[in-house]
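Asker: My questions will all concern the structure given below.
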Amino acid sequence: MEPRRVLSAGNGLTAANGISPQAVAACLRARGQLSARRRGDDDLNPGLLDGLAAARDAAVLVPLICRPVGLHVLLTRRTGHLTAHAGQIAFPGGRVDPDDRDCVTTALREAREEVALDPAAVEVAGFLDPYITRSGYRVRPVVGLVRPDAHVRANPDEVAEIFEVPLAVFTEPGTRRTMAHPEAGAQRRYHEFPYGPHRIWGATAGMLVNLAEILAAADPGA
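First residue of the sequence shown: 1, per the UniProt record's numbering; consecutive thereafter.
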């Protein structure tokens, strides 16, 4: 069994540099729980989702952890044997179950199942815009502030690796690039953030772009 990992401690209150957890929560509260705007795989590909059947509801947790050097985003690398999105970088999350009260319940349940994150260690800060995937899901990203001393452990059936990325990687200019690959006779475009050996792209990158834009819009100096 993989040993339980303790997230290295920060002060848990404010980031040493950059945006603070309180500022993130304030930005998201100012927007309210629901947004009229939606995001999706068609953000860079107009018409990609035309004709898509009714999307199924899903939710992910966007976990932010305060470290001495600033806020970090917790991400996972999916195992290679999964039938969907094998080996890709993702947030903990999944489909809404019939017994789930709301998207928060789904996101916290999935985070417990995938990375053994105790829901009591998470303070929900707010929500990003709904994100529609080409695979037919309407994903609600739930932003959670995670206690720095929280324990996480990868579920080997779903998660190959847990790692953290400084939030600044997603908010600073020049870190994001737009990529394309041929598909059905056309070029399908997508956001990508390279980070060390990891390639963060697709829906996960799209949600991180959404978070960065929300924070930038609330910063008069941005």
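Every residue gets a Cβ at the ideal spot worked out from N, C-alpha and C, and that includes glycine.
Keep in mind that this is a model prediction, so the values were computed, not measured.
(1) Among residues of its own chain, excluding the 5 on either side of L48, which ones have a beta-carbon nearer than 7 Å to its beta-carbon?
(2) Thinking C-beta only, is V143 closer than 8 Å to V69?
(3) Considering only heavy atoms of the ligand SAM, does any lie closer than 7 Å to the CB of R109?
(4) Spell out the partners DSSP gives E161 in its beta bridges.
(5) Could you give the distance in angstroms between the alpha-carbon of V96 and the alpha-carbon of T106?
(6) Flag this pair as touching only if the stretch 118 to 127 and the stretch 136 to 152 have three or more C-beta atom pairs under 8 Å; answer yes or no.
(7) What did DSSP end up calling residue 252 once you bin it into helix, strand or coil?
(8) Can you say whether P182 is buried or exposed, counting buried as having 16 or more other CB atoms within 10 angstroms of its CB?
(9) Only counting runs of 4 or more residues, tell me where the alpha helix (DSSP H) segments fall wholly within the stretch 95 to 134, in order along the chain.
(10) Anyone know if the C-beta pair for L75 and I200 falls short of 8 Å?
(11) Can you look up A205 in the DSSP assignment and give me helix, strand or coil?
(12) Measuring straight from C-alpha to C-alpha, what distance separates R188 and A205?
(13) Could you name the residues that DSSP lists as bridge partners for residue 223?
(14) Can you tell me the Cβ-Cβ gap for E114 and N155, rounded? I've got them flagged as a contact below 8 Å.
(15) Ordered along the chain, which non-local residues of its own chain (more than five positions away) have a Cβ less than 6 Å from that of D57?
(16) Leaving aside the five residues before and after A55 along the sequence, list all residues of the same chain whose C-beta is less than 7 Å from its C-beta, in chain order.
(17) Hey, quick one: how far does the alpha helix (DSSP H) through A23 stretch, first residue to last?
Answerer: This is what the structure gives:
(1) Taking the sequence shown and counting its residues from 1, the one referred to as residue 48 is at position 48. For L48, where only same-chain residues beyond five positions count, the Cβ hits under 7 Å are D41, D42 and R134.
(2) Reading the sequence shown from its first residue, position 69 is the one you call residue 69. Reading the sequence shown from its first residue, position 143 is the one you call residue 143. No; because the gap between Cβ atoms is not below 8 Å, this pair is not in contact.
(3) Questions concerning the ligand SAM fall outside what the structure shown contains, since it holds no ligand whatsoever.
(4) The residue you call residue 161 lines up with position 161 of the sequence shown. According to DSSP, which records beta bridges pairwise, E161 is partnered with R77.
(5) Indexing the sequence shown from 1 puts residue 96 at position 96. Indexing the sequence shown from 1 puts residue 106 at position 106. The C-alpha of V96 lies about 6 Å from the C-alpha of T106.
(6) When C-beta atoms of the stretch 118 to 127 are compared with those of the stretch 136 to 152, three or more pairs fall below 8 Å, so the two segments count as touching.
(7) Lying before the first or after the last residue shown, residue 252 is absent from the chain, which here runs from 1 to 222.
(8) As a working mapping, residue 182 is identified with position 182 in the sequence shown. Classification for P182: exposed.
(9) Within the stretch 95 to 134, the complete alpha helix (DSSP H) runs of at least 4 residues fall at 103 to 115.
(10) Taking the first residue of the sequence shown as 1, we reach residue 75 at position 75. Taking the first residue of the sequence shown as 1, we reach residue 200 at position 200. Contact flag set, yes.
(11) Walking along the sequence shown from the start, residue 205 turns up at place 205. In the structure shown, A205 sits in a helix (DSSP, three-state: H, G or I).
(12) For this step, residue 188 is matched to residue 188 along the sequence shown. For this step, residue 205 is matched to residue 205 along the sequence shown. Per the coordinates, the alpha-carbon of R188 lies some 15 Å from the alpha-carbon of A205.
(13) In the structure displayed, the chain extends from 1 to 222; residue 223 sits before or after that span and is not available.
(14) Numbered from 1 along the sequence shown, position 114 holds the residue referred to as residue 114. Numbered from 1 along the sequence shown, position 155 holds the residue referred to as residue 155. Rounded to whole angstroms, the Cβ separation of E114 and N155 is 5 Å, and the two are in contact under 8 Å.
(15) Within the sequence shown, the letter at position 57 stands for residue 57. Apart from sequence neighbours up to five positions away, the residues of its chain that approach D57 with a beta-carbon distance below 6 Å are V96 and R138, ordered along the chain.
(16) By one-based count along the sequence shown, residue 55 stands at place 55. Non-local C-beta neighbours of A55 in its own chain, meaning closer than 7 Å and more than five positions away in sequence, comprise I132, G136, Y137 and R138, ordered along the chain.
(17) Indexing the sequence shown from 1 puts residue 23 at position 23. That run of the alpha helix (DSSP H) goes P21 to R31.
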